[in-house]
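Residue numbers -23 to -1, 1 to 336, in mature numbering (1 follows the signal peptide of the UniProt record, and there is no 0), belong to the letters of the sequence shown in order.
Glycine residues also receive a C-beta, built at the ideal position from the N, C-alpha and C atoms.
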Amino acid sequence: MKKFVSTVMAGAMVMSMAATALAAQQPGWVRTSATNVETDYTDKSGNHIPGVYDAYGPFAYDVNDDKALTVDAIEYGDTAYYVLADHNGRGITDSDSVDGLKIKSKWEEGEKLVKGVSVTKKKVTNTIGESLITEANKYYYMIALTTESSTSTSDADIIGTMTLNKTKSPKVKDLDLDISLNVNWANSYLDSGKDFVVQGDLDEIEAEKYYSLKFDYDDEVELGFEDGSTFTVDVSGQGKTLLYFDTKFNSNVAARYPLADLNFWNGNGAKFNRTGEFFLSAEDDATLFLYEIKDDGTLAEVAGAEYDDSDEGFYFRTRTLGSYVVSDMELDLGASDNTNEDVVVTPVEPTNPSTGAIA
C-alpha cells in the first residue's frame, strides 16, 4: 500500500482509521506538502474554521445503504469518495472550509476513465476510524471522482495528481494529492466482496448486469438466470468470460411481425469451449415457436430445440449464448425490415482494451 509522504499524517491515518478499513484502501492519497495550508483560521465572529489539510479514501457507498461509506472496491461507472480532513485528521463539515476550493487534475494513466472530479457534500450514517468520521448521520465534504462505464473484463488504473487551491481563508495553495486508483468490473471475480470465481453452480444471475466470470472448476456447472433459464456446460479449461443477458423488447423485430406475441431473451454472445445445454424458460400459454436473432437482425430456427411441457421451456444445445425470441405463432423467416432504422443487436463480448482505455 502506498503511504502518505508526511510522517505526521501517516501516523494520524493509522490512528484514525480502523485496521480493516485501512488495509482495504489500496492505495491512498499522497500529500506532497502541508506548508501551504492555513490549518487554523478564526472568522470575524470568532468561529474556528479548519483548513483542508488532506483527503482519505477511496471510499464507496454501500449498495444496500446509500448513506453508509464502505471500503468496497471501486467498479467501472462508480464514484470514489475521498473525505477531506483537517490537520488533526477529522472530516471536514464546515462549508467555509471548502468555499472557493478549486481542483485541477493531471492524469498520467487512465484519463479516459475519469468522467469527472468535484467537491461534494454527502451524508454519512456510519462512523469511520477514531477521528476521521466520528459523528454518524452528518454531512461531510469529500472529493468525488466519478469513473466512466466500461465493458472491459480487465481492471484498470487511474494514476495522477490533484492540485487544490483556495484563496479565501482558510487558504490552500498548490496542495498536491497524488492518486492511484484501481477500478474493476461490476459483478467481477476481481471484486473481493462478491464470489464470481466459479467453483460450481452459479445461481441468480441478474438481468441487465455484466458478470466477469473466472472458472476454477474442471467439471459441469449450471449457470442460473433470474428469469428461470439455465445453461449447463463443462467449463474445463474455460477462460475468463463476460456474461450478460436481458429480456428487453426488440421493437425492430416485433415491427416485422405485428400479429405475434413475442418475448425476448438477449444474450451478449458469450462463447464457451464446449457445447452445453441451454434451457430457455417460456410459459406454455399456447403453442410456442423459438427463433434465434442473428447479428443482422434476421431470424433463424434453433436447431434441435424442443419444448418441455413439464418444465415450461425450450431445451437446445449451443456453445454461444445469443439472442432469442419466443413467438405464439410461426414466423415468416423471410420477412424483412423495411424501415431505415438500425437493427438493435446486443453487443458481443468485447476485446479487452489496454490498461486505462474504455472498451
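Checklist entry - Do three or more CB pairs link the stretch 98 to 112 to the stretch 159 to 168 at distances below 8 Å? => result no
Next on the checklist: How far does the beta strand (DSSP E) with Asn243 in it extend, from its first residue to its last?
Outcome noted: Leu239 to Ser258
Checklist entry - When DSSP labels each residue in this structure, what does Asp211 get in the three-state scheme? => result strand
Checklist entry - Do you know offhand how far Ala37's Cα is from Val75's? => result 21 Å
Checklist entry - Would the stretch 225 to 234 and the stretch 265 to 279 be scored as touching if the rule is three or more Cβ pairs under 8 Å? => result yes
Next on the checklist: Extract the residue ranges of the beta strand (DSSP E) inside the stretch 111 to 192, only unbroken runs of 3 or more that lie entirely within it.
Outcome noted: 115 to 124, 133 to 143, 149 to 161, 179 to 182 and 188 to 192
Checklist entry - DSSP state of Val91, grouped into three classes? => result strand
Item to check | Coil, strand or helix - Arg233 by DSSP | outcome: helix
Next on the checklist: Rounding to the nearest angstrom, what Cα-Cα distance links Lys145 and Glu183 in this structure?
Outcome noted: 49 Å
Checklist entry - Run through DSSP, which three-state label would Ser300 get? => result strand
Next on the checklist: If distances are taken between C-alpha atoms only, which option among Lys99, Val29, Gly93 and Glu112 comes closest to Asp12?
Outcome noted: Looking at the sequence provided, one finds Thr at residue 12 rather than Asp. Considering only alpha carbons, the answer is Val29.
Checklist entry - Met306: buried (16+ other C-beta within 10 angstroms of its C-beta) or exposed? => result exposed
Next on the checklist: Output needed for Ala45: all residues of its chain with C-beta closer than 7 Å, excluding positions within five of it in sequence on either side, in chain order.
Outcome noted: Tyr38, Asp39, Thr102 and Asn103
Item to check | Residue range of the beta strand (DSSP E) that includes residue 401 | outcome: Summary: the structure shown does not reach residue 401, with the chain confined to residues -23 through 336, and so no result is reported for it.
Item to check | Segments of 3+ residues assigned as beta strand (DSSP E) that fall wholly inside the stretch 31 to 103 | outcome: 31 to 39, 42 to 47, 56 to 62, 79 to 86 and 91 to 101
Checklist entry - Quick one: any contact between the stretch 278 to 291 and the stretch 213 to 224, if contact means 3 or more CB pairs under 8 Å? => result no
Item to check | Those residues which DSSP pairs with Ala277 across a bridge | outcome: Glu269
Item to check | Contact check, Glu199 vs Thr207, beta carbons under 8 Å | outcome: yes
Next on the checklist: Along the chain, where does the beta strand (DSSP E) containing Asp285 start, and where does it finish?
Outcome noted: Glu283 to Asp285
Checklist entry - Bridge partners of Gly290, per DSSP? => result Ser258 and Asp285
Item to check | Between the CA atoms of Asp132 and Glu86 - distance to the nearest angstrom | outcome: 13 Å
Next on the checklist: Assuming the contact rule is C-beta atoms closer than 8 Å, Lys148 and Leu78 should be a hit. Round their C-beta distance to whole Å, please.
Outcome noted: Lys148 to Leu78, Cβ: 10 Å. No contact.
Checklist entry - Is it buried or exposed for Glu203, if we count other Cβ within 10 angstroms and need 16 for buried? => result exposed
Checklist entry - Excluding sequence positions up to five away, which residues of its chain have a Cβ less than 6 Å from the Cβ of Gly205? => result Ser258
Next on the checklist: Tell me the residue span of the beta strand (DSSP E) that contains Tyr18.
Outcome noted: Asp17 to Thr19
Item to check | Where the beta strand (DSSP E) through Leu308 begins and ends | outcome: Looking at the DSSP string, Leu308 is not in any beta strand (DSSP E), and its letter there is neither H nor E.
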